[in-house]
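Number of protein chains: 2
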Amino acid sequence: MIPLGPKADKATVRRHNLSLVLRTVHDAGEVTRARIATRAGLTRAAVSSLVEQLLECGFLTESGKTSSGQAGRPGTVLEVARTGPAGLGVEINVDYIAVCVVDLAGTDRVRLVEHADNRGVPPSQVLTRAARLAARALGSAAEQGLRPVGAHVAVPGLVTGGTVRQAPNLGWKRVAVEGPFARALSALRPAHRALPVSSDNEANAAALAELWYGAGTEGVRSFLYVSGEIGIGGALVLEGELLRGAHGFAGEIGHMVVDPEGPQCRCGARGCLEQYAGQAALLKAAGLDTEAGAPGVAELRRRAGRKDSAALAATERAGRHLGVVLSGVVNLFDPDAVMLGGVYRELAPWLAPAVDGELARRVVSGLWSEDRNRLRAASPLGDAARGAAGAVVREVLADPPAHAERAGA
Amino acid sequence: MIPLGPKADKATVRRHNLSLVLRTVHDAGEVTRARIATRAGLTRAAVSSLVEQLLECGFLTESGKTSSGQAGRPGTVLEVARTGPAGLGVEINVDYIAVCVVDLAGTDRVRLVEHADNRGVPPSQVLTRAARLAARALGSAAEQGLRPVGAHVAVPGLVTGGTVRQAPNLGWKRVAVEGPFARALSALRPAHRALPVSSDNEANAAALAELWYGAGTEGVRSFLYVSGEIGIGGALVLEGELLRGAHGFAGEIGHMVVDPEGPQCRCGARGCLEQYAGQAALLKAAGLDTEAGAPGVAELRRRAGRKDSAALAATERAGRHLGVVLSGVVNLFDPDAVMLGGVYRELAPWLAPAVDGELARRVVSGLWSEDRNRLRAASPLGDAARGAAGAVVREVLADPPAHAERAGA
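Residue numbers (full-length UniProt numbering), protein chains in the order written: chain A, 1 to 409; chain B, 1 to 409.
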């Protein structure tokens with residue numbers, strides 16, 4: 001109840017304040033030293049010294065502009081560096097791999113996507129494939145003067161301590177991710193052989209991208225992110241924080257039960273939502289090849305667009321099942337909004353009315369329909385690779401000195 | 001992201017430190033001034049002055065004992081006062097009203113329960129009934145030298161801003177609680193006419209009782225509390241904090257869907273869990289009168305105890321449905337434990353195996369069965385009235401000076 005930590009020493013305080021100043025500039029976009037002092041509650045002298053160090057290490061730049069918007073002499077405007085430290089994000093999904101390099105300001109400066117069926121492929125091969133794409137991204141980043149200080153790998157499965165405990169749709173079970181990826185990458189780019197690698201669940205990374213960079217989450221502090229892919233990923237953000245759960249496995253909405261006696265799911269249980277509203281179930285109901293992947297979803301979208309009755313029935317049915325489950329989640333968590341990501345984003349025009357209908361009928365507060373726009377399509381930029389890269393950037397913002405050397409400034 | 005509050009002035013710091021010292025004593029049970037100084041990171045002089053004020057206002061007492069367990073001179077042992085400031089908790093449920101007075105140490109010193117069918121009774125009459133019971137509790141509290149500084153009323157429904165938005169099982173819709181209760185109470189006990197009244201959902205209060213006073217939650221930081229009554233209440237505690245949700249309506253597990261086409265629920269939707277595992281559904285399946293209330297549940301328990309087949313089938317069926325829904329909740333938020341409260345606590349020996357079976361089958365991490373004892377019967381003391389009283393006590397601990405006058409010390 002009472003935090004009783006040891007007293008902070010001078011070095012710790014300076015470290016904390018370096019982060020405070022860097023985050024103040026990050027959040028403000030462009031800002032003078034005087035304004036930083038006001039916002040951060042520090043003296044001008046302290047801010048000058050902290051800014052000096054952040055400029056030297058390449059975390060900040062002076063834009064050359066001056067601002068006289070405030071009392072006193074005009075000041076030079078500072079912003080976070082657009083070169084130097086950055087984050088590398090990798091998303092390994094069932095039918096594609098995406099990598100992203102995000103700079104300190106949160107802009108995605110490199111983005112590469114490779115479509116490939118990763119099912120049934122040995123995990124080591126998939127990780128090598130991802131490392132190859134990441135190596136190419138590091139090359140493009142270097143050309144732009146960016147130097148990622150860490151890589152973060154997102155996988156659609158239960159990820160803990162650097163290991164994928166299980167990812168049924170990839171067919172992975174107890175697969176170590178971080179070490180093999182780091183080795184494959186450093187073989188390709190020896191200059192990055194010391195790059196720290198971390199890992200997380202894909203839906204978590206996508207939800208964080210939505211929180212940090214998504215247009216749909218302005219003013220939204222608590223939301224459910226649900227992402228239709230081969231499986232169905234989910235993540236809960238509560239008061240601006242991702243809910244991880246006691247073992248790091250929170251958010252598994254794809255295995256909430258539609259019918260206890262329903263079809264067998266890859267997780268071992270029966271009647272999971274995935275079997276009713278996952279990509280394969282959607283394609284099957286529309287009379288399409290269940291293994292058709294992204295082109296299949298594009299075809300479903302086209303057919304729904306021209307009012308093909310099987311396509312409309314398929315999206316409506318999936319939407320109803322999704323809506324019933326989401327109603328339960330909304331009754332449990334009472335979020336500000338529900339974000340539809342992955343293929344649900346693309347299919348939202350046909351899926352959303354059925355989802356919304358169930359929510360209106362089943363959310364007990366009766367508030368669902370009063371607040372318009374609570375069911376939203378996720379931002380197209382808010383994807384897992386970007387969120388993963390953003391996680392590295394957040395670490396830099398939280399403790400710049402720890403990353404000063406690696407940023408190579 | 002960065003808290004940029006105004007600088008704390010001297011009075012604010014003292015106020016904060018008074019709470020810090022009081023909470024340190026509260027958490028420690030018995031403690032010397034020297035030990036408080038170490039734990040709270042304050043100087044001995046500061047602690048002496050703060051303790052002096054807390055003693056004067058009646059928040060602390062000196063036990064007379066001395067302790068020489070540490071270096072230096074032996075010190076007098078302090079503890080929180082067992083007289084003076086206290087909390088009054090009121091639980092209005094469908095077939096009973098309970099009131100509880102809890103002292104600063106968390107002990108329930110007065111506890112009164114009145115069985116009464118509150119369904120269909122005008123809310124004003126029910127609130128008057130509750131006020132009468134509360135008045136009796138205040139009398140007993142006064143005899144013990146306790147003076148509640150606030151009342152907190154828990155109702156099984158959606159409660160926000162002092163109003164029950166809806167409580168389908170009581171038949172309440174848009175009922176103001178705090179004002180009418182305060183007026184009824186002050187008519188009976190004019191000495192308490194300025195007593196502040198607050199309100200909350202019943203399952204929230206019960207979950208907080210479990211968190212603060214329950215034996216089952218030791219070492220548990222995140223749990224789901226599910227309480228079978230006429231309805232089914234639920235509350236989520238995450239990292240020691242109750243999840244309230246964007247509108248204060250989180251935890252409505254009773255309206256998660258078992259079958260979208262199932263029986264009509266009082267909430268207006270169909271196939272809610274309440275219709276399969278609520279008290280009436282349990283009694284009906286066992287061949288008992290669905291309106292029999294607490295005596296009906298006692299009879300069900302007796303019959304299950306002597307292996308009556310209808311009773312066993314009824315608890316097994318309800319347990320399976322409850323287990324399917326709880327699996328979804330565990331997949332979503334990955335808690336340390338699930339606590340069965342209300343009638344589920346009493347029926348746990350017959351209900352829990354079926355619940356546990358579904359959890360073992362459906363929790364995707366596969367971790368459910370590895371961690372033993374994750375499904376627990378709630379502590380019998382962890383009830384809503386005690387949690388409601390505890391909420392008042394927490395307010396006192398958080399800001400003692402604000403309650404000094406009312407405590408009448």
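Heads up, the beta-carbon is just placed ideally off N, CA and C, and yes, glycines get one too.
Asked                                                                                                               : Found
Collapsed DSSP secondary structure at Pro353 (chain A) in the structure displayed                                   : helix
Proximity to Leu347 (chain A) [Cα-Cα], best of A:Ala294, A:Glu370, A:Arg362                                         : A:Ala294
Within chain A, partners of Glu79 (chain B) - CB distance below 8 Å                                                 : The contacting residues do not exist; Glu79 (chain B) stays about 17 Å from chain A at best.
Cutoff 7 Å; reference His115 (chain A); Cβ partners in own chain excluding five residues on either side             : Asp95, Tyr96, Ala294
Cβ distance (whole Å) where Ala246 (chain B) is taken to contact Ser222 (chain A) below 8 Å                         : 5 Å
Cβ-based neighbour list, Phe249 (chain B), same chain, cut-off 7 Å, excluding 5 preceding and 5 following           : Leu158
Cβ pair Ala269 (chain B), Leu283 (chain B) closer than 7 Å                                                          : no
Beta-carbon proximity check, Arg320 (chain A) vs Ala285 (chain A), cutoff 7 Å                                       : no
Any chain B beta carbon closer than 7 Å to Phe59 (chain A)                                                          : no
Gly5 (chain B) - DSSP class collapsed to helix/strand/coil                                                          : Residue confidence is low: Gly5 (chain B) scores 43 on pLDDT, short of 50, so the model does not pin down where it sits. Its coordinate-derived value is still stated next. Three-state DSSP puts Gly5 (chain B) in coil, outside helix and strand.
Cβ contact (3+ pairs, closer than 8 Å) linking the region 76-94 of chain A and the region 17-31 of chain A          : yes
Cβ contact check for the region 227-238 of chain A and the region 136-150 of chain A: 3 or more pairs under 8 Å     : no
Assigned secondary structure, Val393 (chain B) (DSSP; H/G/I helix, E/B strand, else coil)                           : helix
Interface partners of Glu252 (chain B) on chain A, CB under 7 Å                                                     : Asn331, Leu332, Val364
Beta-carbon gap between Ser227 (chain A) and Ala209 (chain A) smaller than 7 Å                                      : no
Cutoff 7 Å: His255 (chain A) Cβ touching any chain B Cβ                                                             : yes
Beta-carbon proximity of Glu229 (chain B) to Gly342 (chain B), cut-off 7 Å                                          : yes
Classification of Gly305 (chain A) by the beta-carbon crowding that lies within 10 angstroms, buried from 16 upward : exposed
Proximity of His403 (chain B) and Val393 (chain B) at Cβ, strictly below 7 Å                                        : no
Whether Tyr225 (chain B) touches Met339 (chain B) by CB criterion (7 Å)                                             : yes
Beta-bridge pairing of Arg270 (chain B) - partner residues as DSSP gives them                                       : B:Gln264
With 16 other Cβ atoms within 10 Å as the buried cut-off, status of Arg193 (chain B)                                : exposed
Straight-line Cα distance separating Gly106 (chain B) from Thr128 (chain B)                                         : 27 Å
Min CB distance Met1 (chain A) to chain B below 7 Å                                                                 : Confidence at Met1 (chain A) is low in this model, with a pLDDT of 34, below 50, so its placement is unreliable and the value that follows should be read with caution. Closer than 7 Å: yes.
Same chain, Cβ closer than 7 Å to Ala378 (chain B), neighbours up to 5 away in sequence not counted                 : Glu210, Gly214, Gly216, Tyr225, Met339, Leu340, Gly341, Arg345
Short CB-CB distance (under 7 Å) between Cys265 (chain A) and chain B                                               : no
Coil, strand or helix - Ile232 (chain B) by DSSP                                                                    : strand
Beta-carbon spacing of Val324 (chain B), Glu358 (chain B) below 7 Å                                                 : yes
Start and end residues, alpha helix (DSSP H) containing Val329 (chain A)                                            : 309-333
Reduced DSSP category for Pro400 (chain B) - H, G, I as helix; E, B as strand; rest coil                            : helix
Cβ separation of Val90 (chain A) and Val153 (chain A), assumed to be a contact under 8 Å, to the nearest whole Å    : 5 Å
Three-way DSSP call (helix, strand, coil) for Ala28 (chain A) in this model                                         : helix
Amino acids of chain B, ordered along the chain, whose beta-carbon sits closer than 8 Å to that of Ser199 (chain A) : None at all; the shortest Cβ gap to chain B is about 16 Å.
Paired residues, beta bridge with Gly145 (chain B) - DSSP                                                           : None; Gly145 (chain B) has no bridge partner.
Inter-residue Cα distance where the pair is Arg183 (chain A) and Glu202 (chain B)                                   : 54 Å
Under 8 Å from the C-beta of Ser227 (chain A): neighbouring residues of chain B                                     : Per Cβ cutoff of 8 Å: no residues; Ser227 (chain A) is ~14 Å from chain B at best.
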